[in-house]
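This report refers to the structure that appears directly beneath it.
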Amino acid sequence: RYGFIVLLFGLIAYFAIAADGFVSPQSAGFIFQSVAITGVLALGVTATLVVGGFDLSIGSVATSAMMAAAYVMVVLEQNAVVAVVACLLIGAVVGLINGWLIVYMRVPDLLATLGMMFLLVGLQRIPTEGRSIATGMTMPDGSVANGSFGAAFLALGRHRFDFFIPNLIPVSVVVLLVLAVLIWFFLEYTRFGRMMYAVGSNERAAELAGAPVKAYKIWAYVISGVFASIGGILLAARLGRGDIASGNNLLLDAVAAALIGYAVLGAAKPNAFGTAVGAVFVGVLLQ
460 RYGFIVLLFG
470 LIAYFAIAAD
480 GFVSPQSAGF
490 IFQSVAITGV
500 LALGVTATLV
510 VGGFDLSIGS
520 VATSAMMAAA
530 YVMVVLEQNA
540 VVAVVACLLI
550 GAVVGLINGW
560 LIVYMRVPDL
570 LATLGMMFLL
580 VGLQRIPTEG
590 RSIATGMTMP
600 DGSVANGSFG
610 AAFLALGRHR
620 FDFFIPNLIP
630 VSVVVLLVLA
640 VLIWFFLEYT
650 RFGRMMYAVG
660 SNERAAELAG
670 APVKAYKIWA
680 YVISGVFASI
690 GGILLAARLG
700 RGDIASGNNL
710 LLDAVAAALI
720 GYAVLGAAKP
730 NAFGTAVGAV
740 FVGVLLQ
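Quick note, my numbering runs 459 ahead of the 1-based positions in the sequence shown.
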């Protein structure tokens, strides 16, 4: 039951002894930052796993949200609130389309979300012809992007709180913790969440019991899309620009964290706490 937790602490102890600089505020800060974005995306994957699905488009959704945030603030010169709302809408719409394809068009989840992944990879290159979005860049039409990222927006990815050690905990980690608690409570203690587990456990039985199975599955993909867009917002705030290449590894890291969650405390099912621990495990390995 506690084997994976012991393994995680053993891994941390080993790296602390074997790797110079692993036990340092800088190393801890890097781990926390990588854990935050990976963990948020992994929580979205967890929602789809709960209903027996799978979402391969989360990395592309996050990257698209990052590019959208940069485009809205730098090119369109709008404020951070508009950028955040635009990103969340993109995530929700993509999730809705994924759910519709899977539930009503009966496209296999892996195929539908893989197709969406490649579609987004192409679409996010169109506005700037594949170039990174930053203040002062020249657009394809020859105009200059004079907008900039707001200080409040950048604080989401760069500001850190003191926790025994100065500047140790990034804001993005606080966002992850809040989202993890919310999705944990939602899945474990609400009727909606328990019905999602019922759909994933035995879809036919849930349908015979009168549960709106299709609605639950679609909502799972909408949740996944929204969480992926939040991850993209945090990534844009951390980098201070829109960079397509920066999201290349998000999918594999997030999926690994979500699947590792099955082994935490012997849960043997997708769960928010296990996913958060899995994200820490992936972050330690990456460091």
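All C-beta atoms in this analysis are idealised placements derived from N, C-alpha and C, irrespective of residue type, glycine included. For clarity, every value in this text was computed on a predicted model and none was experimentally measured.
In whole angstroms, give me the CA-to-CA distance for residue i and residue j.
i           : j           : result
residue 709 : residue 588 : 22 Å
residue 465 : residue 596 : 49 Å
residue 666 : residue 563 : 15 Å
residue 549 : residue 487 : 32 Å
residue 614 : residue 477 : 34 Å
residue 460 : residue 723 : 7 Å
residue 499 : residue 604 : 30 Å
residue 745 : residue 515 : 21 Å
residue 747 : residue 581 : Here the chain comprises residues numbered 460 to 746, so residue 747 is not present and cannot be evaluated.
residue 523 : residue 593 : 15 Å
residue 410 : residue 720 : Because the chain spans 460 through 746 in this model, residue 410 falls outside it and cannot be assessed.
residue 726 : residue 656 : 13 Å
residue 559 : residue 513 : 14 Å
residue 552 : residue 624 : 41 Å
residue 700 : residue 541 : 16 Å
residue 636 : residue 685 : 16 Å
residue 576 : residue 712 : 16 Å
Among the residues of its own chain, which have a CB less than 7 Å from the CB of residue i, if the five just before and after it don't count?
i           : result
residue 628 : 491, 619, 620, 622
residue 717 : 501, 504, 505, 508, 729, 734, 737
residue 732 : 643, 723
Starting from the C-beta of residue i, find all residues in its chain whose C-beta is less than 8 Å away, skip the five residues before and the five after it, and write them out in chain order.
i           : result
residue 747 : Shown here, the chain extends from 460 to 746; a query on residue 747 therefore has no answer.
residue 521 : 496, 500, 687, 688, 690, 691, 694, 706, 709
residue 633 : 620
Use the C-beta contact count for residue i: other C-beta atoms within 10 angstroms, 16 or more gives buried, fewer gives exposed.
i           : result
residue 650 : exposed
residue 534 : buried
residue 694 : buried
residue 659 : buried
residue 697 : buried
residue 703 : buried
residue 485 : exposed
residue 482 : exposed
residue 602 : exposed
Reducing DSSP to helix, strand and coil, say where residue i ends up.
i           : result
residue 691 : helix
residue 653 : helix
residue 533 : helix
residue 585 : coil
residue 572 : helix
residue 701 : strand
residue 627 : strand
residue 481 : coil
residue 712 : helix
residue 612 : helix
residue 509 : helix
residue 566 : coil
residue 460 : coil
residue 590 : coil
Spatial neighbours of residue i within its chain, please: C-beta separation below 6 Å, excluding the five flanking residues on both sides.
i           : result
residue 599 : 588
residue 561 : 568, 571
residue 463 : 722, 723
residue 715 : 741
Thinking just about the alpha-carbon of each residue, which of the options is nearest to the one in residue i?
i           : options            : result
residue 568 : 732, 746, 683      : 683
residue 586 : 529, 740, 510, 677 : 529
residue 630 : 482, 495, 510, 462 : 495
residue 676 : 511, 552, 482      : 511
residue 652 : 566, 678, 551, 608 : 678
residue 557 : 639, 680, 657      : 680
residue 543 : 654, 526, 566, 624 : 526
residue 606 : 633, 532, 672, 635 : 532
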